[in-house]
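If you want our numbering, it's the position in the sequence shown, counting the first as 1, plus 340.
Step one of this worksheet: look at the structure below.
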Amino acid sequence: MKYITKNKYIYMYMYMYMYMYMYIYLHTHLYIFIYIYICNNQSSFFFFFYKKKNKFAVWLKEECNLVQYLELFTKAEIADITLLNTITSEQDLVDIGINSKFHRRRIWQQIQDFQLAMREFDQWLDEIRMRRLYKSLFEKRGVVTVGALFRTIGPQNDSDKVKIAQYFGVENMSHWELIWNHLKRYAIHPGGSAINVGGKHYSQVIPEKVISDQLAAVLQMEEQKRKLIDAQRQPSRVSLQMNAQAQVQLVQRNELQLAEA
(Lines of atoms letter the chains of each structure in order from A and count residues from 1; the text may use other names and numbers.)
(Lines give C-alpha, C1' and ligand atoms only; values in the text may rest on other atoms or scores of the structure.)
Protein backbone atom coordinates (compact mmCIF):
# COMPACT_ATOMS: atom_id res chain seq x y z
CA MET A 1 0.00 0.00 0.00
CA LYS A 2 2.83 2.39 0.89
CA TYR A 3 4.59 1.49 -2.36
CA ILE A 4 1.52 2.40 -4.41
CA THR A 5 1.13 5.68 -2.55
CA LYS A 6 4.81 6.49 -3.12
CA ASN A 7 4.52 5.84 -6.86
CA LYS A 8 1.42 7.99 -6.95
CA TYR A 9 3.36 10.98 -5.60
CA ILE A 10 6.23 10.33 -7.98
CA TYR A 11 3.90 10.42 -10.98
CA MET A 12 2.21 13.53 -9.63
CA TYR A 13 5.54 15.38 -9.34
CA MET A 14 6.54 14.20 -12.80
CA TYR A 15 3.33 15.58 -14.33
CA MET A 16 3.77 18.82 -12.43
CA TYR A 17 7.33 19.31 -13.67
CA MET A 18 6.32 18.44 -17.23
CA TYR A 19 3.49 20.95 -17.07
CA MET A 20 5.82 23.67 -15.77
CA TYR A 21 8.38 22.87 -18.45
CA MET A 22 5.78 23.05 -21.24
CA TYR A 23 4.34 26.26 -19.80
CA ILE A 24 7.73 27.97 -19.71
CA TYR A 25 8.72 26.59 -23.12
CA LEU A 26 5.54 27.71 -24.88
CA HIS A 27 5.42 31.14 -23.27
CA THR A 28 9.08 31.81 -24.01
CA HIS A 29 8.61 30.99 -27.68
CA LEU A 30 5.40 33.02 -27.75
CA TYR A 31 7.20 36.09 -26.41
CA ILE A 32 10.01 35.60 -28.91
CA PHE A 33 7.48 35.36 -31.74
CA ILE A 34 5.71 38.53 -30.57
CA TYR A 35 9.02 40.40 -30.34
CA ILE A 36 10.04 39.35 -33.86
CA TYR A 37 6.62 40.29 -35.21
CA ILE A 38 6.80 43.75 -33.63
CA CYS A 39 10.30 44.33 -35.01
CA ASN A 40 9.18 43.38 -38.51
CA ASN A 41 5.84 45.22 -38.35
CA GLN A 42 6.56 48.36 -36.36
CA SER A 43 4.11 50.52 -38.28
CA SER A 44 1.28 48.03 -37.82
CA PHE A 45 2.06 47.71 -34.13
CA PHE A 46 2.06 51.51 -33.77
CA PHE A 47 -1.32 51.67 -35.48
CA PHE A 48 -2.75 48.97 -33.19
CA PHE A 49 -1.43 50.75 -30.09
CA TYR A 50 -2.61 54.18 -31.23
CA LYS A 51 -6.20 53.17 -31.85
CA LYS A 52 -6.49 51.66 -28.36
CA LYS A 53 -5.62 54.87 -26.55
CA ASN A 54 -8.18 57.12 -24.91
CA LYS A 55 -7.76 60.17 -27.10
CA PHE A 56 -9.46 62.57 -24.70
CA ALA A 57 -7.28 61.46 -21.79
CA VAL A 58 -4.19 61.81 -23.98
CA TRP A 59 -5.26 65.32 -25.02
CA LEU A 60 -5.94 66.35 -21.41
CA LYS A 61 -2.55 65.04 -20.33
CA GLU A 62 -0.30 66.08 -23.21
CA GLU A 63 -1.86 69.39 -24.25
CA CYS A 64 -3.22 70.64 -20.91
CA ASN A 65 -1.03 68.70 -18.46
CA LEU A 66 -4.10 68.53 -16.20
CA VAL A 67 -5.12 64.88 -16.33
CA GLN A 68 -6.40 65.12 -12.74
CA TYR A 69 -9.63 66.59 -14.14
CA LEU A 70 -10.42 63.54 -16.25
CA GLU A 71 -12.87 62.25 -13.63
CA LEU A 72 -14.81 65.54 -13.66
CA PHE A 73 -15.14 65.43 -17.45
CA THR A 74 -16.21 61.80 -17.23
CA LYS A 75 -18.90 62.56 -14.66
CA ALA A 76 -20.16 65.39 -16.87
CA GLU A 77 -20.31 62.87 -19.76
CA ILE A 78 -18.05 65.03 -21.89
CA ALA A 79 -14.80 63.03 -21.72
CA ASP A 80 -14.90 62.58 -25.49
CA ILE A 81 -12.53 64.24 -27.91
CA THR A 82 -15.37 64.74 -30.40
CA LEU A 83 -17.40 66.74 -27.85
CA LEU A 84 -14.84 69.46 -27.18
CA ASN A 85 -16.59 71.74 -29.65
CA THR A 86 -19.68 71.72 -27.40
CA ILE A 87 -17.81 73.69 -24.72
CA THR A 88 -18.56 77.30 -25.62
CA SER A 89 -17.15 79.29 -22.70
CA GLU A 90 -15.01 79.12 -19.58
CA GLN A 91 -18.23 79.05 -17.56
CA ASP A 92 -18.88 75.54 -18.88
CA LEU A 93 -15.69 74.45 -17.12
CA VAL A 94 -16.94 76.04 -13.91
CA ASP A 95 -20.14 74.04 -14.24
CA ILE A 96 -18.10 70.88 -14.66
CA GLY A 97 -16.40 71.58 -11.34
CA ILE A 98 -12.98 72.99 -12.24
CA ASN A 99 -12.47 75.56 -9.50
CA SER A 100 -8.92 76.69 -10.21
CA LYS A 101 -9.02 79.85 -12.31
CA PHE A 102 -5.58 79.24 -13.80
CA HIS A 103 -6.39 75.64 -14.69
CA ARG A 104 -9.67 76.71 -16.29
CA ARG A 105 -7.85 79.34 -18.30
CA ARG A 106 -5.30 76.82 -19.57
CA ILE A 107 -7.91 74.20 -20.47
CA TRP A 108 -10.12 76.79 -22.16
CA GLN A 109 -7.19 78.06 -24.25
CA GLN A 110 -6.37 74.52 -25.36
CA ILE A 111 -10.04 73.88 -26.16
CA GLN A 112 -10.15 76.98 -28.36
CA ASP A 113 -7.02 75.85 -30.20
CA PHE A 114 -8.52 72.39 -30.65
CA GLN A 115 -11.82 73.80 -31.91
CA LEU A 116 -9.88 75.81 -34.49
CA ALA A 117 -8.15 72.60 -35.60
CA MET A 118 -11.57 70.91 -35.86
CA ARG A 119 -12.85 73.68 -38.13
CA GLU A 120 -9.72 73.39 -40.27
CA PHE A 121 -10.36 69.65 -40.56
CA ASP A 122 -13.90 70.32 -41.80
CA GLN A 123 -12.52 72.81 -44.30
CA TRP A 124 -9.92 70.30 -45.50
CA LEU A 125 -12.56 67.60 -45.97
CA ASP A 126 -14.66 70.10 -47.91
CA GLU A 127 -11.71 70.90 -50.17
CA ILE A 128 -11.28 67.25 -51.11
CA ARG A 129 -15.09 66.76 -51.15
CA MET A 130 -15.10 63.99 -48.56
CA ARG A 131 -16.74 65.67 -45.56
CA ARG A 132 -20.28 64.45 -46.19
CA LEU A 133 -19.13 60.89 -46.83
CA TYR A 134 -16.51 60.25 -44.18
CA LYS A 135 -16.54 62.83 -41.39
CA SER A 136 -18.87 60.69 -39.26
CA LEU A 137 -16.63 57.64 -39.79
CA PHE A 138 -13.59 59.59 -38.64
CA GLU A 139 -15.47 60.90 -35.60
CA LYS A 140 -16.38 57.37 -34.54
CA ARG A 141 -12.65 56.70 -34.19
CA GLY A 142 -12.01 59.99 -32.40
CA VAL A 143 -10.32 61.60 -35.40
CA VAL A 144 -11.57 65.19 -35.66
CA THR A 145 -8.45 67.11 -36.75
CA VAL A 146 -5.99 66.86 -39.62
CA GLY A 147 -3.27 66.31 -37.04
CA ALA A 148 -5.07 63.30 -35.57
CA LEU A 149 -5.54 61.80 -39.04
CA PHE A 150 -1.89 62.47 -39.82
CA ARG A 151 -0.79 60.71 -36.63
CA THR A 152 -2.83 57.68 -37.69
CA ILE A 153 -1.75 57.59 -41.33
CA GLY A 154 1.57 59.46 -41.37
CA PRO A 155 3.81 56.79 -39.79
CA GLN A 156 2.21 53.96 -41.77
CA ASN A 157 3.50 52.23 -44.86
CA ASP A 158 1.54 51.94 -48.07
CA SER A 159 1.13 48.24 -47.30
CA ASP A 160 -1.07 49.21 -44.32
CA LYS A 161 -3.41 51.27 -46.49
CA VAL A 162 -6.18 48.67 -46.76
CA LYS A 163 -5.96 47.81 -43.06
CA ILE A 164 -6.43 51.44 -42.01
CA ALA A 165 -9.30 51.88 -44.46
CA GLN A 166 -11.04 48.91 -42.85
CA TYR A 167 -10.37 50.39 -39.41
CA PHE A 168 -12.16 53.61 -40.37
CA GLY A 169 -14.88 51.76 -42.26
CA VAL A 170 -14.04 53.21 -45.67
CA GLU A 171 -15.18 50.75 -48.34
CA ASN A 172 -14.52 52.80 -51.47
CA MET A 173 -10.78 52.36 -52.00
CA SER A 174 -10.61 55.03 -54.70
CA HIS A 175 -11.90 57.54 -52.16
CA TRP A 176 -9.45 56.28 -49.58
CA GLU A 177 -6.62 56.52 -52.11
CA LEU A 178 -7.53 60.16 -52.64
CA ILE A 179 -7.60 60.89 -48.88
CA TRP A 180 -4.35 58.99 -48.37
CA ASN A 181 -2.50 60.83 -51.14
CA HIS A 182 -3.81 64.24 -50.10
CA LEU A 183 -2.68 63.70 -46.53
CA LYS A 184 0.69 62.34 -47.59
CA ARG A 185 1.25 65.54 -49.60
CA TYR A 186 0.78 67.62 -46.50
CA ALA A 187 3.95 68.85 -44.83
CA ILE A 188 5.14 69.91 -41.41
CA HIS A 189 4.85 73.62 -40.70
CA PRO A 190 7.10 75.30 -38.09
CA GLY A 191 4.17 76.92 -36.26
CA GLY A 192 0.66 76.03 -35.13
CA SER A 193 -0.86 73.35 -32.96
CA ALA A 194 1.66 70.80 -31.78
CA ILE A 195 1.34 67.10 -32.51
CA ASN A 196 3.59 64.11 -31.87
CA VAL A 197 4.57 61.73 -34.61
CA GLY A 198 6.87 58.86 -33.89
CA GLY A 199 8.12 60.43 -30.69
CA LYS A 200 9.14 63.68 -32.38
CA HIS A 201 7.53 67.04 -31.82
CA TYR A 202 5.87 68.47 -34.90
CA SER A 203 3.25 71.07 -35.61
CA GLN A 204 -0.17 71.06 -37.22
CA VAL A 205 -0.11 69.89 -40.84
CA ILE A 206 -1.29 72.48 -43.36
CA PRO A 207 -2.01 72.53 -47.13
CA GLU A 208 0.66 72.87 -49.78
CA LYS A 209 -0.64 76.26 -50.96
CA VAL A 210 -0.28 77.75 -47.49
CA ILE A 211 3.17 76.23 -47.20
CA SER A 212 4.27 77.72 -50.54
CA ASP A 213 3.03 81.19 -49.53
CA GLN A 214 4.76 80.98 -46.19
CA LEU A 215 7.89 79.56 -47.77
CA ALA A 216 8.03 82.59 -50.08
CA ALA A 217 7.70 84.89 -47.06
CA VAL A 218 10.45 83.00 -45.22
CA LEU A 219 12.76 83.19 -48.23
CA GLN A 220 12.11 86.91 -48.51
CA MET A 221 12.96 87.38 -44.83
CA GLU A 222 16.13 85.32 -45.26
CA GLU A 223 17.16 87.48 -48.23
CA GLN A 224 16.61 90.67 -46.22
CA LYS A 225 18.57 89.19 -43.33
CA ARG A 226 21.44 88.26 -45.66
CA LYS A 227 21.56 91.77 -47.11
CA LEU A 228 21.61 93.24 -43.60
CA ILE A 229 24.50 90.99 -42.57
CA ASP A 230 26.43 91.88 -45.73
CA ALA A 231 25.84 95.56 -45.06
CA GLN A 232 27.12 95.17 -41.51
CA ARG A 233 30.22 93.37 -42.72
CA GLN A 234 31.02 96.05 -45.30
CA PRO A 235 32.50 99.31 -43.98
CA SER A 236 30.33 102.39 -44.24
CA ARG A 237 31.06 105.32 -46.58
CA VAL A 238 32.09 107.53 -43.66
CA SER A 239 34.56 104.96 -42.35
CA LEU A 240 36.02 104.58 -45.85
CA GLN A 241 36.52 108.34 -46.12
CA MET A 242 38.18 108.43 -42.69
CA ASN A 243 40.48 105.58 -43.64
CA ALA A 244 41.40 107.34 -46.90
CA GLN A 245 42.21 110.57 -45.07
CA ALA A 246 44.32 108.67 -42.53
CA GLN A 247 46.26 107.00 -45.34
CA VAL A 248 46.87 110.35 -47.06
CA GLN A 249 48.12 111.84 -43.80
CA LEU A 250 50.40 108.85 -43.28
CA VAL A 251 51.87 109.24 -46.77
CA GLN A 252 52.41 112.97 -46.22
CA ARG A 253 54.08 112.29 -42.87
CA ASN A 254 56.40 109.75 -44.47
CA GLU A 255 57.30 112.22 -47.24
CA LEU A 256 58.16 114.91 -44.68
CA GLN A 257 60.36 112.49 -42.77
CA LEU A 258 62.18 111.56 -45.97
CA ALA A 259 62.64 115.23 -46.90
CA GLU A 260 64.09 116.08 -43.47
CA ALA A 261 66.40 113.12 -43.69
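Note that beta-carbon positions come from the ideal geometry of N, C-alpha and C, so glycine has one too.
Keep in mind the model is a prediction, meaning the values are calculated, not measured.
No residue range can be given for T485, since it is assigned to no alpha helix (DSSP H) and is classified by DSSP as neither H nor E. Counting C-beta pairs closer than 8 Å gives three or more between the stretch 431-441 and the stretch 403-422, which meets the contact rule. In the same chain as V483, and ignoring 5 residues on each side of it, the C-beta atoms closer than 6 Å to its own belong to L489, in chain order. Residue burial is scored here from C-beta neighbours: I493 has at least 16 other C-beta atoms within 10 angstroms and is therefore classed as buried. Between the stretch 393-403 and the stretch 458-469, the count of C-beta pairs closer than 8 Å stays below three; the two stretches do not touch. Of the candidates N512, W464 and L366, the residue whose Cα lies closest to the Cα of T485 is W464. For L424 against Q455, the beta-carbon gap comes to about 7 Å, under 8 Å, which counts as contact. Taking a C-beta distance under 9 Å as the contact criterion, R444 and E467 do not qualify as a contact pair. Taking 9 Å as the cut-off, the Cβ atoms of G509 and K475 do not count as close. In its chain, beyond the 5 residues on either side, A505 and V510 have a beta carbon closer than 6 Å to the beta carbon of W516. DSSP places Y409 outside any alpha helix (DSSP H), giving it a letter other than H or E. I519 and M513 have their alpha carbons spaced roughly 10 Å apart. For E511, the secondary structure class from DSSP, reduced to helix, strand or coil, is coil.
At a Cβ-Cβ threshold of 9 Å, L406 and A419 do not count as neighbours. Here DSSP, grouped into helix, strand and coil, assigns I519 to helix.
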